[in-house]
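Notes for the one structure printed next.
Residue numbers (our numbering): 11 to 128.
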């Protein structure tokens, strides 16, 4: 009986995000559109830290880590970029208590949309 309770407690603790969540998320941005994109900025909804790329050529990719160390609440990821003279904003994903639920994020920018996968 002790082993069952201990096993359940261990599984419960390991399945929670709590202290085991990620304090950063790996990000890869791939520009599959026919034009370059500029002023590419990825932040959290708390806007405490950001990942910025001034310019990403067509058919090019950039990568980096978005730091969540300062984040303390729940929120979403916000991507903004300029394409063909227009600014685009994409809201996606979720983090909880300042910790990412995922290890990585892939963003593919197309001519008229952006796809985000985790």
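Cβ coordinates follow ideal geometry from the N, Cα and C atoms, glycine included. Nothing here was measured: the structure is a model prediction, and the numbers come from that model.
>> What ranges does the beta strand (DSSP E) occupy inside the segment 70 to 127, keeping only unbroken runs of at least 3 residues that lie completely in it?
In response: 70 to 77, 85 to 93, 96 to 106, 114 to 119, 124 to 127
> What separation, rounded to the nearest whole angstrom, lies between the Cα atoms of residue 124 and residue 56?
Replying inline: 22 Å
> How long is the line joining the alpha carbons of residue 83 and residue 95, rounded to whole angstroms?
Replying inline: 34 Å
>> Using 8 Å for Cβ pairs, my map puts residue 64 next to residue 43. What's the rounded Cβ distance?
In response: Actually they do not touch by this definition, with Cβ atoms about 17 Å apart.
> residue 48 bridges to which residues according to DSSP?
Replying inline: 65, 92
>> Please list the terminal residues of the continuous beta strand (DSSP E) segment that includes residue 33.
In response: Residue 33 -> no beta strand (DSSP E), and no H or E assigned at all.
>> For residue 62, count the other beta carbons within 10 Å of its own beta carbon; 16 or more makes it buried, fewer makes it exposed. Which is it?
In response: exposed
> If we call anything under 8 Å between Cβ atoms a contact, is residue 5 one with residue 126?
Replying inline: Since the first residue of the chain shown is 11 and the last is 128, residue 5 is not available in this structure.
>> Bridge partners for residue 40 per DSSP, in chain order?
In response: 71, 118
>> For chain B, check one thing: does any of its Cβ atoms lie closer than 8 Å to the Cβ of residue 105?
In response: Protein chain content of the structure displayed is limited to a single chain, and chain B is not contained in it.
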